[in-house]
Amino acid sequence: ETGVTQSPTHLIKTRGQQVTLRCSSQSGHNTVSWYQQALGQGPQFIFQYYREEENGRGNFPPRFSGLQFPNYSSELNVNALELDDSALYLCASSLVAPAGEAFFGQGTRLTVV
Amino acid sequence: QKEVEQDPGPLSVPEGAIVSLNCTYSNSAFQYFMWYRQYSRKGPELLMYTYSSGNKEDGRFTAQVDKSSKYISLFIRDSQPSDSATYLCAPWGDSGAGSYQLTFGKGTKLSVIP
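Going down the list, the protein sequences come from chains S and W.
Using the numbering used here, read the first sequence as starting at 10 and increasing by one per residue.
Using the numbering used here, read the second sequence as starting at 106 and increasing by one per residue.
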């Protein structure tokens, strides 16, 4: 059984650019959630995908978008990057039921300059 | 008021001490109560969780939930230097975002001194 893997591990982008982050779910998991973790803060929920459909969204603007593929892997896209988007982006995979135990990848550290 | 409040510390204890980590929450819809451990520059790893009120023990770790007071605790017995990490409480349930997901506290940074 493979764990959750994210790529790339580190990324530096310029303000105004676009970025795509990738996540491979743990085997057998059909739900993917994305979180943003700023330095010294807890992870903040961005959105969740279940069977390729967005299934809930946190308080993030539309320039944060995502996709889930038939193999349950996922992408997070961020357009028009801002300096405040600098953070650790975490992907978590889970089964919806019973408790939604979420298993996290190691994260992608995004720096916007 | 934030949905989940957690004292960020830092908390420093000697090896062998009993550690008590706590959170409060405001959303009555939360059903499961997770604790994650996060080492520096790593993703969070699930430590344990409880359902509704009550206690759950796993080795040196005990998780406790009191839904009447909306209070979550994690106790670590015989703390070890390897327990040094940030501990995140994360209730799970419908927080109004249209799905069931985790809502994290800020995390408490723990250092266990040999």
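Where a beta carbon is used, it is the ideal one built from N, C-alpha and C, also for glycine.
All figures in this text were calculated on a predicted structure; none of them were measured in a lab.
Quiz item: Got a sec: is the Cβ-Cβ distance from residue 111 of chain S to anything in chain W below 9 angstroms?
Solution: Here the question's residue 111 of chain S lines up with position 102 in the first sequence. True, the Cβ-Cβ gap to chain W drops below 9 angstroms.
Practice problem: Please confirm if residue 70 of chain S has its CB atom under 9 angstroms from at least one CB of chain W. | Solution: Here residue 70 of chain S corresponds to residue number 61 of the first sequence, with the count starting at 1. It does not; no Cβ of chain W falls within 9 angstroms.
Practice problem: Between the Cα of residue 102 of chain S and those of S/94, S/112, S/24, S/93, spot the shortest distance and give me the residue it belongs to. | Solution: For the purposes of this step, residue 102 of chain S is identified with residue 93 of the first sequence, where counting begins at 1. That would be S/112, whose Cα lies nearest to the Cα of residue 102 of chain S.
Quiz item: What are the start and end residues of each continuous beta strand (DSSP E) run of 3 or more residues lying completely inside the region 50-78 of chain S, in chain order?
Solution: Uninterrupted beta strand (DSSP E) stretches at least 3 residues long and entirely within the region 50-78 of chain S occur at 53-59, 62-66, 73-77, given in chain order.
Quiz item: DSSP three-state call for residue 179 of chain W: helix, strand or coil?
Solution: As a position in the second sequence, residue 179 of chain W is number 74, starting the count at 1. Taken through DSSP and simplified to helix, strand or coil, residue 179 of chain W comes out as strand.
Exercise. Can you tell me which of W/126, W/167, W/175 puts its alpha carbon nearest to the alpha carbon of residue 214 of chain W?
Key: Here residue 214 of chain W is taken as the residue at index 109 of the second sequence, counted from 1. The shortest C-alpha to C-alpha distance from residue 214 of chain W to any of W/126, W/167, W/175 is the one to W/126.
Quiz prompt | Nearest-angstrom Cα separation, counted from residue 108 of chain W out to residue 55 of chain S | solution = Taking the first sequence and counting its residues from 1, one reaches residue 55 of chain S at position 46. Taking the second sequence and counting its residues from 1, one reaches residue 108 of chain W at position 3. Rounded to the nearest angstrom, the two C-alpha atoms are 16 angstroms apart.
Quiz item: Roughly how many angstroms separate the alpha carbons of residue 96 of chain S and residue 207 of chain W, rounded to a whole number?
Solution: Along the first sequence, read from residue 1 onward, the residue named residue 96 of chain S stands at position 87. Along the second sequence, read from residue 1 onward, the residue named residue 207 of chain W stands at position 102. If you take the alpha carbons of residue 96 of chain S and residue 207 of chain W, they lie about 18 angstroms apart.
Practice problem: Could you pull the start and end residues of the beta strand (DSSP E) that residue 38 of chain S belongs to? | Solution: Taking the first residue of the first sequence as 1, we reach residue 38 of chain S at position 29. The continuous stretches of beta strand (DSSP E) do not include residue 38 of chain S, and DSSP gives it neither H nor E.
Quiz item: Would you report the Cα separation of residue 91 of chain S and residue 99 of chain S, rounded to the nearest angstrom?
Solution: Against the first sequence, residue 91 of chain S aligns to sequence position 82. Against the first sequence, residue 99 of chain S aligns to sequence position 90. Whole-angstrom Cα-Cα distance: 18 angstroms.
Quiz item: Does residue 50 of chain S come within less than 9 angstroms of chain W when only Cβ atoms are used?
Solution: Taking the first sequence and counting its residues from 1, one reaches residue 50 of chain S at position 41. Yes, residue 50 of chain S counts as interfacial toward chain W.
Quiz item: Of all the options S/39, S/44, S/13, which has the alpha carbon lying nearest to the alpha carbon of residue 119 of chain S?
Solution: Looking up residue 119 of chain S in the first sequence gives position 110. Selected option, being the one with the closest Cα: S/44.
Exercise. Compile a chain-ordered list of the residues in the region 135-148 of chain W whose CB is closer than 9 angstroms to at least one CB of chain S.
Key: Result list: 136, 137, 139, 141, 143, 146, 147, 148.
Practice problem: Since I believe residue 121 of chain W is in contact with residue 173 of chain W (beta carbons under 8 angstroms), could you give me their beta-carbon distance rounded to a whole number of angstroms? | Solution: For this step, residue 173 of chain W is matched to residue 68 along the second sequence. For this step, residue 121 of chain W is matched to residue 16 along the second sequence. The Cβ separation is near 33 angstroms, so there is no contact.
Quiz item: What residues of chain W sit near residue 99 of chain S, judged by a beta carbon separation below 9 angstroms?
Solution: In the first sequence, counting from the first residue as 1, residue 99 of chain S sits at position 90. Those are 148, 149, listed as they occur along chain W.
Self-check item: Residue from W/186, W/158, W/152 whose Cα sits closest to the Cα of residue 134 of chain W
Solution: On the second sequence, position 29 is the one that residue 134 of chain W refers to. Nearest C-alpha to residue 134 of chain W: W/158.
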